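Chains A and B supply the protein sequences, listed in that same order. To convert, note that position 112 of the first sequence is 112 in our numbering; the numbers rise steadily by one, no gaps. To convert, note that position 80 of the second sequence is 1080 in our numbering; the numbers rise steadily by one, no gaps. Every residue gets a Cβ at the ideal spot worked out from N, C-alpha and C, and that includes glycine. From a predicted model like this one, the values you see are computed outputs, not experimental measurements. To start, the structure itself, in structure tokens.
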Amino acid sequence: MDSGTISRRHLLQGAAALTLGAAAGLRPAFAAETTIGFIYVGSRDDYGYNQAHAQGAAALKKIPGLKVVEEEKVPETDAVEKTIESMINLDGATLLFPTSFGYYNPHMIKMANKYPKLRFEHCGGLWSEKDPKNSGSYFGYIDEAQYISGIVAGLTSKSGKLGFVAAKPIPQVLRNINAFTLGAKSVNPKATTQVIFTGDWSMPVKEAEATNSLIDQGVDVLTCHVDGPKTMVENAARRGAFVCGYHTNQSALAPKAYLTGAEWNWEALYPKFVKMIASGEGIPNFYRGGLKEEIVKTSPYGEAVSAEARKAADEAKAKFLSAEGYAIFKGGLVDNKGKTVIPAGTDRGQKDPELEKMDYLVEGVLGATS
Amino acid sequence: MADGSIGLWTVPLAVLGGAIRVSTPFLFVSLGECITERSGRINLGLEGTLVMGAMSAYGISYLSGSPWLGVLAAGITGALLGALHAGICSLPRVNDVAVGIALMLFGTGLAFYLGKPLIEPTAPRLPAIDFGWWSDIPQVRAALRINVLFLIGVVLAPILYWAFRTTRWGLLIRTAGESADAARAMGHSVLLIRLRATMVGGFLAGIGGSFLSLFYPGSWNEGLSSGQGITAVALVIFARWDPLLCLWASLAFGGAAALGPALQSVGVTSGYHLFNAAPYILTLAIMIITCSPKRTLTGAPAELSITR
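Rendered as structure tokens:
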């Protein structure tokens, strides 16, 4: 942008936004209309990541006094800063949800420093103490739901070979791959997960090729972590393999092949956030939760899921929902290169920040992070 | 074998299967562009045409229930975009490359806009012909499930090659591409020839798009093309404006696109970004090998704005 020089107009706009933000922050209820901005990296009806957030945004639109502005297909570059600036200066947004992982640093941090009175909520779980206090990062422990998918997959697979179509080897993706594998191994110790990285969040042709290659290798249950799971789900079902969904419920695309899936539950979380602001307590900078906190959920079981698999999955779910919770990543965990990544005796519970830095694939995963 | 795996054989099989599955859009776009460029004009807008074709095919297939109507609609959409390109380029002092870039952005933008409601629904797909009936190995059977559009493309390439050499129409297109003055001297309208050539090129590119949304990967979404249209235009230069070479080049690109995922599936995991970039590395390598500072590109139509 026009860096360095701050024009008068710019300054006035900024000042106006600040006043507006301060006003919105003080008001307990939404007497005046509050504007909330949502920014998506892809299309908001992609049957995936962005659709899940858009469903959350749609839940906010129903609350009187809230105005939601949305922009789709904003790349993870300084384009997102321009979008944020325009939402603040032109639409008067006081609460912003840049929902994609790569928006956080440096883009959202920069904007949060520039507009200290406004609130920024990033989806990805990257916030740390050194980041601006008016920003926050929330994320769901969707690996809990992936663990349950893994159990169902492990008990449904005949070959014991599971497949995972992944975008990039970042911690969240690796954590899902590992949780899915550990879930499968908990019921079928011989199960393996073959992972293929496509290199980006939305590469339909590569995802279809990855799906076909995995099935050619004898994989008979697949799941994925890409922005739009539609390609994987449809192509796997055509080849007669089973699938576990991701982000949202894709069972309508392949009713016979769909086993279960790990879904976000943003439509429950976003109204909670708004209530927190309205009541004056504010949103914690670092907000996390799993199945118990209703930030994630699992899809209803498909018809191909056996009674045995349902029972095992329900038991695991009950453990996650219990008061003490359940640690997926237990002490003595070995990665697929034979290195002990979690020392024996120290279970890493869901909230353990060490898990946010995950850079390994556990034993049983075929593939490498680089 | 007992567990249904075919081990390392996956890689050549995936490259073969990928060559068949992934190459079709490349093939149609490059054959279409080949016709257009031989008439002396470059239509860079085929990326937009491909995406518009994919979207309209999916929409018409969804609304009418017939995927073949979708293919036809994609072709017609492509021809109309081709006519638009040719029409604008018929005006004096209009640069066809610039118009092409504008139409590329226009086509993709319009397709994303009109295609919004089509991302969620599932449209009927084109059928596949099973050429793998002779094999007991499911992987081979899967690789040989071939769509009829691919076969049409494979047949079209030699027909075009023959038509350029021996038919009156082929001669006219080549004349317009080699020397507009000669075509005019013969009493033909260069603009009309180029209009038709661009429309046919657009028609084929649109059909290439219908393959993407109606067969493989087989649904409409905004990342569907990821630059395949523009790659195919480059492929024509790489294939020296020869329809037969376009066929081989498309197959090579399709196979190269399958290489990255296939290698990962058998455990070759290091440097997958490099393997994913294989098609582009291939282009660069061949461009470097075949270029020469001493002569112009062999086979380039003399009237093309890039060679003139």
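- Between H107 of chain A and the set A:S202, A:F97, A:V80 and A:W127, the nearest pair of CA atoms involves A:V80.
- Listed by position along chain B, the residues whose Cβ is nearer than 8 Å to that of A307 of chain A form an empty set, because the closest Cβ is around 25 Å away.
- At a C-beta separation below 7 Å, E1047 of chain B has no neighbours in chain A, since its nearest C-beta there lies roughly 14 Å away.
- With respect to the 8 Å criterion, V1022 of chain B and A1205 of chain B are not classified as neighbours on the basis of their beta carbons.
- Bounds of the beta strand (DSSP E) holding Q194 of chain A are T192 to F197.
- Counting only runs of at least 4 residues, the region 1163 to 1192 of chain B fully encloses the following alpha helix (DSSP H) elements, listed from N- to C-terminal order: 1168 to 1178 and 1180 to 1185.
- Neighbours of A1262 of chain B in chain A, taken as residues whose beta carbon is under 7 Å from its own, are S213 in chain order.
- The C-beta of Y47 of chain A comes closer than 8 Å to at least one C-beta of chain B.
- Going by DSSP, K114 of chain A is part of the alpha helix (DSSP H) stretching over I109 to K114.
- For V69 of chain A, no chain B residue has a Cβ inside 9 Å of its Cβ, as the nearest lies near 17 Å away.
- With a threshold of 16 other beta carbon atoms within 10 Å, M1199 of chain B meets it and is buried.
- When secondary structure is reduced to three states using DSSP, W266 of chain A falls in the helix class.
- Residue-level contact by beta carbon holds for G1218 of chain B and chain A, with a gap shorter than 8 Å.
- Rounded to the nearest whole angstrom, the C-alpha separation of E209 of chain A and A1262 of chain B is 8 Å.
- Scanning its chain for C-beta atoms nearer than 7 Å, with the 5 sequence neighbours on each side dropped, one finds around A1252 of chain B the residues L1282, in chain order.
- Straight across, the Cα-Cα distance linking S1066 of chain B with M1186 of chain B is about 45 Å.
- For the pair S1210 of chain B and A1123 of chain B, the CB atoms are not nearer than the 8 Å cut-off.
- Residue contact with chain A for I1119 of chain B: present (Cβ-Cβ distance below 8 Å to some residue of chain A).
- Beta bridge pairing from DSSP links T35 of chain A with A:K67 and A:A93.
- Contact between T99 of chain A and Y40 of chain A is confirmed by a C-beta separation of about 6 Å, below the 8 Å threshold.
- Annotation for L174 of chain A: M358, D359, Y360, L361 and T369 place their beta carbon closer than 8 Å to its own, counting only its chain and skipping 5 residues before and after.
- Looking only at B:G1100, B:L1126, B:L1063 and B:L1284, the smallest Cα-Cα distance to F1238 of chain B is reached by B:L1284.
- Proximity of the region 149 to 168 of chain A to the region 337 to 353 of chain A falls short of the contact definition, fewer than three beta-carbon pairs being nearer than 8 Å.
- Per DSSP, K61 of chain A lies in no beta strand (DSSP E); the unbroken alpha helix (DSSP H) holding it starts and ends at Y49 to K61.
- If one requires a minimum length of 4 residues, the alpha helix (DSSP H) runs lying completely within the region 1020 to 1095 of chain B are 1046 to 1064 and 1067 to 1090, in chain order.
- Y1272 of chain B belongs to the set of residues whose beta carbon lies under 8 Å from a beta carbon in chain A.
- Contact annotation for Q194 of chain A against chain B: S1265 [CB-CB distance below 7 Å, chain order].
- Residue state for D347 of chain A is assigned as coil, using DSSP reduced to three classes.
- Within chain A, not a single residue places a beta-carbon under 9 Å from that of L1027 of chain B; the smallest gap is close to 14 Å.
- Excluding five sequence positions before and after I109 of chain A, the CB atoms of its chain that fall closer than 8 Å to its own CB belong to D131, P132 and S135, given in chain order.
- Within chain A, the C-beta atoms nearer than 8 Å to that of V1022 of chain B come from V205 and E209, in chain order.
- C1291 of chain B is bridged by DSSP to nothing; it lacks a bridge partner.
- Listed in chain order, the beta strand (DSSP E) runs fully inside the region 110 to 164 of chain A are 119 to 123 and 135 to 140, counting runs of at least 3 residues.
- Per DSSP, the continuous beta strand (DSSP E) segment holding Y246 of chain A begins and ends at F242 to H247.
- Annotated three-state conformation of F320 of chain A is helix, per DSSP.
- Contact annotation: in the region 1207 to 1232 of chain B, residues whose CB is within less than 7 Å of a CB in chain A are Y1216, P1217, G1218, S1219, N1221, E1222, G1223, L1224 and S1226.
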